[in-house]
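In terms of this note's numbering, the sequence shown is residues 810 to 925.
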Amino acid sequence: MYRSKAFKAYVTGFVLSLISTLIAWSVVNAHVTSGHRRYSHLFINVLVLSLAILQLVVQLIFFLHLGREKKPRWNLQALLAAVGIIIILVVGSIWIMNNLNYSMMNMVPTQEDQPF
810 MYRSKAFKAY VTGFVLSLIS TLIAWSVVNA HVTSGHRRYS HLFINVLVLS LAILQLVVQL
870 IFFLHLGREK KPRWNLQALL AAVGIIIILV VGSIWIMNNL NYSMMNMVPT QEDQPF
């Protein structure tokens, strides 16, 4: 079988990604099957977010080989630009949804809004 540093890195990255995914799934599954009594919602949110960040780092290091290249660091610059765009999209979307929710919550139904 073909054994090299790259193959070992891919297998290690796959195993770490699989473990973090299974941990997140098992915790959320245990929470849901227990009727939302087993773990707190805050704990699950923090754990899943932490595991997602861990999995992102694992995939960047083991699959994209970020940090192993010599000069120039075009991959890192492209990644940072993509992360910036994603942050702008996510924060903007949350801001818009929050504003729409606030606007809709202040609406009071009047007599003209009733169908009959």
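Virtual Cβ for every residue (Gly too), placed ideally from N, Cα, C.
Since this is a predicted model, take the numbers as computed values, not measurements.
| Item | Value |
| --- | --- |
| Rounded straight-line distance, which links the Cα of residue 884 to that of residue 854 | 30 Å |
| Straight-line gap, residue 845 to residue 837 (C-alpha atoms, nearest Å) | 9 Å |
| Nearest-angstrom Cβ-Cβ length linking residue 829 and residue 860, presumed shorter than 8 Å | 5 Å |
| Start-to-end residues for the alpha helix (DSSP H) that takes in residue 822 | 814-842 |
| Option in 906, 867, 890 with minimal Cα separation from residue 827 | 867 |
| Spatial neighbours of residue 869 in its chain, beta-carbon cut-off 7 Å, leaving aside the 5 residues before and after | 875 |
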